[in-house]
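With my numbering applied, the sequence shown corresponds to residues 5 to 203, in that order.
Below you'll find the structure, written out as structure tokens, and then a few comments.
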Amino acid sequence: MGFQKNESEALLVATGRCCCICGLRHSIQLHHITPKEGGGTDDIDNAIPLCPNCHSEVHGSHASGKTTRIYTAAELRGHRQHRIEQVENVGKAAREPETRTQLAGLATTFEQIEALMPKLIAEMRKDLEVRPLSREFVLLRRCWGYDSKGYELEYYYDDHDQLENMTRILQNCGLIKDITDNKVQRYVISEEFARYVAS
């Protein structure tokens with residue numbers, strides 16, 4: 005049967021349609037906190053939004069022979085509650101006068117960033133015009149073989165001097181997040197930065 009559609013939609017809105025563990029906004033799935041085979045139900049209180057990677061990790065942590073600490077139902081509920089509170093706090097903060105001042109400061113930050121790396125921002129802008137839903141990107145050299153997942157953007161050391169320094173500055177400003185899981189540097193773009201680049 006699965007979770008009720010209207011309740012699922014309400015939970016996705018309450019969590020900002022983010023993975024409740026890592027915060028990623030890609031291909032969100034609803035996971036049963038207590039598995040059905042373990043007595044769990046399709047009640048929405050037993051649901052947690054997860055990205056495919058975290059969903060797989062949660063399932064894998066229960067496999068026999070694993071030495072990693074498993075995700076307990078209490079921990080998963082804690083992650084979900086934390087994400088809901090984060091989304092609520094962002095909404096409240098955006099209505100505060102001091103936050104509006106901070107947002108004005110963020111616009112200045114974007115302009116400063118673009119002045120530091122105009123070529124990279126121009127390339128990102130062009131890419132997001134063609135692929136407006138893409139939020140992940142990787143750093144590559146043209147001579148490298150790379151098995152693309154099909155949705156990530158690609159930026160090349162060959163085209164941009166000091167590319168790693170540029171991504172470090174973007175990280176320091178909270179505009180991108182490092183999600184590297186192998187030898188290829190991988191990042192996710194924040195929604196605020198994506199909106200600025202696409203504007």
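C-beta atoms are modelled at their ideal positions from N, C-alpha and C, and glycine is treated no differently.
Residue i - DSSP class collapsed to helix/strand/coil
{"i": "VAL188", "result": "coil"}
{"i": "LEU179", "result": "coil"}
{"i": "PHE114", "result": "helix"}
{"i": "TYR200", "result": "helix"}
{"i": "ILE173", "result": "helix"}
{"i": "ILE88", "result": "helix"}
{"i": "PRO56", "result": "helix"}
{"i": "ILE25", "result": "coil"}
{"i": "HIS30", "result": "coil"}
{"i": "PRO193", "result": "Note on residue identity: the sequence assigns Ile, not Pro, to residue 193. Three-state result, ILE193: strand."}
Spatially closest choice to residue i from the options, by CA coordinates
{"i": "GLN33", "options": "GLY42, GLY20, GLU92, GLU41", "result": "GLY20"}
{"i": "ASP131", "options": "PRO39, ASN57, SER203", "result": "SER203"}
{"i": "ILE117", "options": "ASN176, LEU15, ARG29", "result": "ASN176"}
{"i": "ASP46", "options": "PRO53, GLN8, GLN166", "result": "GLN8"}
{"i": "ARG199", "options": "LEU137, LYS181, TYR159, GLU158", "result": "LEU137"}
{"i": "GLY42", "options": "LYS181, CYS58, ALA77", "result": "ALA77"}
{"i": "ALA51", "options": "ALA18, GLY64, ASP162, LEU179", "result": "ALA18"}
{"i": "PRO56", "options": "HIS35, ILE48, LYS40, ASP49", "result": "HIS35"}
{"i": "ARG87", "options": "LEU54, PHE114, VAL62, GLY64", "result": "LEU54"}
{"i": "CYS58", "options": "HIS30, GLY44, ASP49, ILE48", "result": "HIS30"}
{"i": "SER60", "options": "CYS23, GLN90, VAL91", "result": "CYS23"}
{"i": "ASP49", "options": "PHE114, TYR161, LEU15, ASN93", "result": "LEU15"}
{"i": "VAL134", "options": "TYR155, LYS181, LEU120", "result": "TYR155"}
{"i": "ALA126", "options": "GLU89, GLU140, TYR159, ASN169", "result": "TYR159"}
{"i": "THR184", "options": "ASP163, ASP162, VAL142", "result": "VAL142"}
{"i": "GLY44", "options": "GLU140, LYS181, GLY6", "result": "GLY6"}
{"i": "ASP165", "options": "ASP151, MET128, MET121", "result": "MET121"}
{"i": "ARG139", "options": "ARG172, ASP151, TYR161, LYS181", "result": "LYS181"}
Spatial distance of residue i from residue j (CA atoms)
{"i": "ILE74", "j": "GLY27", "result": "19 Å"}
{"i": "ASN186", "j": "THR38", "result": "31 Å"}
{"i": "LEU174", "j": "VAL192", "result": "11 Å"}
{"i": "ILE236", "j": "GLU196", "result": "An answer regarding residue 236 cannot be provided, because it is not within the stretch 5 to 203 covered by the chain."}
{"i": "GLN189", "j": "ASN10", "result": "38 Å"}
{"i": "LYS123", "j": "LEU167", "result": "11 Å"}
{"i": "GLN106", "j": "VAL201", "result": "At GLN106 the pLDDT is 49, less than 50, meaning the model places this residue with poor confidence and gives no usable figure here."}
{"i": "LEU179", "j": "VAL62", "result": "28 Å"}
Checklist entry - If you pair each beta-carbon of the region 72–83 with each one of the region 133–153, do three or more pairs fall below 8 Å? => result no
Checklist entry - Where are the alpha helix (DSSP H) runs, 4 residues long or more, that stay fully inside the region 122–174, in chain order? => result 122–134
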